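Residue numbers (UniProt numbering), protein chains in the order written: chain C, 1 to 382; chain P, 1 to 429. Worksheet: one structure, shown below.
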Amino acid sequence: MPISTTTPRVLRATGLLAIAGLVATGCAKSKSDSAPKGAVKVAINLTDDGCKPSPASVPAGPVTFQVKNVSANKVTEAELLNGDTIMGEKENLTPGLSGTFSLRLNGGKYQVYCPNAKTEKTDFTVTGSSATPSQDPAVKAALTQATTGYQAYVIAEVDKLVPATKQFTDAVRAGDMDKAKAAFAQARYYYEEVEPVAESFGDLDPDIDARVDDVDDQSKWTGFHRLEKALWQDKSLTGMSPVADKLDADVAKLKTLVATTTYQPAQLANGATELLDEVASSKVTGEEDRYSHTDLSDFEANVSGAQKAFDLLKPALDKTDAALSTTVNTQFAAVLAALQPYKQGNGYVDYSTVGDDKRRVLTQKVDALAEPLSQVAAKVNG
Amino acid sequence: MSRPGTSTASGPASGTSRRGLLALGGAALAGTAAVGLAGCSDDDKPAKAAAPADRVPFYGTHQAGIATPAQDRLAFATYDLTVSGTVAENRAALRQLLQQWTAAAAAMTQGKTVPGDNDNPAAPPADTGEAYGLSPANLTITLGLGGSLFDKRFGLAGKRPAALADLPKLPPENLDPERSGGDLAIQACADDPIVAFHVIRNLARIGRGTVVMRWSQLGFGNATGNGGGKETPRNLMGFKDGTRNIPGDDTSLMDGHVWVGDETDQPWMRGGSYLVARRIRMRIEAWDRDFLQDQENVFGRAKYTGAPLTGAKETDQPDFAKKAAGGDPVIPADAHIRLAAHENNGGVRILRRGYSFTDGIVPATGELDAGLFFIAYQKDPRTQFIALQRKLGAHDALNEYIQHVGSGLFACPPGARAAGTGWAQELLA
């Protein structure tokens with residue numbers, strides 16, 4: 001997981017849920033952040049006292065938040081929360097800066113959250129329900145199947161994650177290094193398949209999957225990679241039981257959250273692209289599992305999670321852009337074929353044995369898949 | 001040394017100031033050199049004011065970027081095809097790629113974004129955007145085809161021109177395979193570095209899944225002049241480079257030495273040219289401690305005026321026969337300009353279009369990784385570049401201070417004639 005402490009929220013903003021009807025602000029034609037046509041504008045002025053949205057209630061549909069910091073020194077960001085989920089945000093707004101983020105919002109109760117203010121959370125209400133863009137009924141039906149299918153998939157994989165994690169943490173608590181090592185990659189596999197979903201739940205992903213570079217205070221580092229370091233580098237599990245306990249608790253929390261989480265078609269597509277970005281940025285480089293060198297297992301899990309999302313979208317995409325569908329399908333096959341030579345037993349070879357020239361080829365295959373995959377969201381968006 | 005538009009002279013610096021400084025001591029000389037080099041940089045672009053046009057036509061008989069007066073900046077990249085289908089499939093993929101590239105190149109050279117949807121909020125924009133709103137800055141995009149393209153994958157073996165034979169080993173060279181070769185090459189030149197970089201990045205993106213970038217090189221300072229009314233620039237050794245180059249607007253020299261004509265064994269190359277690229281690292285640290293007279297003897301020219309050692313101003317014809325009092329030739333036997341001069345090579349000439357480069361330091365030594373990214377165009381490298389380089393490689397005094405570390409030879413097909421046509425269409429028909 002590439003989240004670093006300095007910019008975790010930037011990455012999370014590009015995460016799965018934040019993309020709900022997300023409007024790119026970095027469009028080539030925009031000199032400034034551009035709002036979608038017909039979007040309702042909501043002003044948020046950051047002050048040290050708080051961040052009241054104006055107006056405090058808007059009708060469902062596209063909404064553009066215009067965040068401005070005139071002189072607040074303690075507060076530099078605003079997020080829109082739906083329960084614990086970050087829907088969208090603008091950060092790093094030091095005094096004098098402003099920025100926007102845009103979302104398509106359904107009716108409901110939300111909160112504008114600005115960390116470090118005197119009043120951190122202010123209610124924000126969306127009324128009515130968002131008009132679904134007009135769409136071919138067959139496509140619409142296929143997309144509904146895709147999103148419900150994805151929900152079921154996430155629930156199923158997290159259901160496997162819980163016992164697989166427990167097998168790992170039990171071995172840690174028992175001080176059984178060999179058993180723990182053997183269970184590590186399998187537990188991670190289920191997590192890596194659905195990681196973009198986990199990333200949408202605030203601190204849950206950092207707690208489960210932060211790497212050493214992601215945490216300021218090493219004593220508060222938790223999750224898989226903390227235990228990985230204990231096993232492969234420190235070669236001691238002393239003091240690791242509380243970390244194991246917390247990992248179980250965090251995974252249980254994830255299970256509770258995904259039980260009620262629903263998805264939009266574009267989220268599936270963008271989440272799939274994001275999984276491949278993860279592969280290219282942290283698996284191929286060997287940064288993810290730097291002590292155990294089990295990166296290729298995570299690699300396969302990311303690709304598998306992405307492929308699941310794509311496969312679910314494919315019936316709809318076949319109707320909206322058959323050529324793109326074929327291209328993505330072909331490139332998925334090419335990536336999986338590229339992994340084949342590294343299979344060993346139930347898993348993969350130690351990644352430290354894979355040379356730079358071979359890693360380069362893996363990256364190129366992933367890029368060749370991710371590029372067309374990044375075009376899918378707009379085609380299933382209605 | 002100034003760019004056209006700021007100086008009254010577009011030819012060699014004539015000047016009292018230059019002469020006056022030459023009469024002074026070493027410190028002042030160093031100052032002159034510094035001024036000259038600063039003038040080479042395009043950080044301030046006075047040329048803009050004087051040049052009304054900022055775009056070079058894309059379509060035409062020949063590809064732009066060869067005869068075109070050299071722009072300030074270069075972004076060069078080579079790409080390898082990754083196709084693995086049947087010959088017919090591979091060829092279709094190549095044809096489609098080149099059509100997409102041609103359309104994108106035509107748009108970019110005219111200051112437009114890469115074709116496609118740039119406004120859909122839910123999709124990544126077709127254009128990456130970093131050149132949005134910028135002048136095209138005389139951008140030219142030139143395609144070359146490497147010898148490796150003419151193999152079984154595309155069924156093109158029978159269409160490989162004889163002139164595209166692999167370059168032989170040309171000692172003293174020390175080529176890095178990771179900076180050499182490639183199925184396709186793109187030379188993007190513009191007066192703005194971001195406009196040039198934008199090209200190789202977006203073409204890579206368009207080709208994702210069909211090509212991968214093999215290596216790339218950024219260049220600056222238009223190190224080799226090729227006419228166009230621009231003052232001859234200097235290379236990183238501080239010497240004017242390109243004084244006797246083929247001016248791109250001399251059609252007779254271009255037809256005689258650069259453009260492929262009826263002599264070719266492959267009709268699809270008529271109107272094209274052959275590009276030789278050589279990454280030439282300069283041993284900067286050693287060069288900088290060489291004394292001035294020796295530096296001038298190595299080149300055969302005066303450092304500041306650019307005049308041949310037998311003349312007074314840059315454009316004076318070198319007198320290779322002239323002897324000094326002791327009987328030695330004034331322009332030494334191993335001087336670079338003597339060995340490279342067309343008079344001494346049976347009339348052989350090439351059009352050079354090189355750029356300076358620096359890529360940080362050489363890890364092993366901590367010395368600057370900098371030099372000249374040499375680019376030359378010609379009708380037939382076998383009788384032109386290869387012949388010249390064999391001679392230079394064997395005798396050039398400059399060899400003590402340079403090393404060829406990267407290499408590429410590419411066949412640049414003729415220009416795409418009009419909108420809707422693609423690069424190398426005739427080859428792939």
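Backbone N, C-alpha and C define an ideal beta-carbon position, used for all residues, glycine too. Remember, predicted model here, so these are calculated numbers, not experimental data.
Item	Value
Beta-carbon separation (whole angstroms), Pro413/P vs Leu145/P, contact threshold 8 Å	7 Å
Spatial distance of Trp287/P from Gly408/P (CA atoms)	26 Å
Any chain P beta carbon closer than 7 Å to Asp367/C	yes
Gly149/C: first and last residue of the uninterrupted alpha helix (DSSP H) it sits in	Pro137 to Arg173
Three-state secondary structure assigned by DSSP to His257/P	helix
Contacting positions in the stretch 323-339 of chain C - beta carbon closer than 9 Å to chain P	Thr327, Thr330, Gln331 and Ala334
Three-state secondary structure assigned by DSSP to Met177/C	helix
Residue-level contact to chain C via CB, Arg214/P, 7 Å cutoff	no
Under the three-state DSSP convention, the category Ile208/C falls into	helix
Paired residues, beta bridge with Phe101/C - DSSP	Phe65/C
Cβ neighbour criterion (16 or more within 10 Å) applied to Ser57/C	exposed
Buried or exposed by the 16-neighbour rule on C-beta atoms within 10 Å, applied to Thr243/P	buried
Residues of the stretch 216-244 of chain C whose Cβ lies closer than 8 Å to any Cβ of chain P, in chain order	none
Residue 434/P, DSSP secondary structure in three states	The displayed coordinates of chain P run from 1 to 429. Any statement about residue 434/P would go beyond what the structure contains.
Beta-bridge partners of Cys189/P, as assigned by DSSP	Leu74/P and Thr140/P
Alpha-carbon to alpha-carbon, Pro332/P and Asn297/P	6 Å
For Leu143/C and Leu93/C, believed in contact at Cβ under 8 Å, the rounded distance	Their Cβ separation, rounded to whole angstroms, is 35 Å, which puts Leu93/C and Leu143/C out of contact at 8 Å.
Interface partners of Ser374/C on chain P, CB under 7 Å	Pro124
Chain-ordered neighbours of Asn120/P on chain C, where CB pairs are closer than 8 Å	Ala378
Nearest residue (CA-CA) to Arg211/C, options Val303/C, Arg290/C and Gln331/C	Arg290/C
Contact check, Cys189/P vs Gly60/P, beta carbons under 7 Å	no
Nonlocal neighbours in the same chain, by C-beta distance under 7 Å from Val405/P, ignoring five residues either side	Asn174, Leu175, Asp176, Arg179, Arg279 and Arg281
Test: Gln364/C CB closer than 7 Å to a CB of chain P	yes
Euclidean distance between Cα positions of Gly422/P and Ala103/P	8 Å
CB contact check: Ala266/C to chain P, cutoff 7 Å	yes
Beta-carbon neighbours of Arg208/P, restricted to chain C and to distances below 7 Å	Asp367, Ala368 and Glu371
Pairwise C-alpha distance: Asp298/C and Leu339/C	12 Å
Length at least 4, wholly inside the stretch 313-339 of chain P: the alpha helix (DSSP H) runs in chain order	none
Proximity test, Cβ basis, 7 Å: Asn106/C and chain P	no
Ser102/C beta carbon less than 7 Å from that of Thr64/C	yes
Sub-7 Å separation of Ala323/C and Asn120/P beta-carbons	no
Neighbour flag for Asn381/C against chain P, beta carbons, 7 Å	yes
For Tyr189/C, the three-state DSSP class (helix, strand or coil)	helix
Cβ pair Phe373/P, Gly261/P closer than 7 Å	no
Beta bridge counterpart(s) of Lys90/C as assigned by DSSP	Ala78/C
C-beta contact flag for Pro59/C and Thr122/C at 7 Å	no
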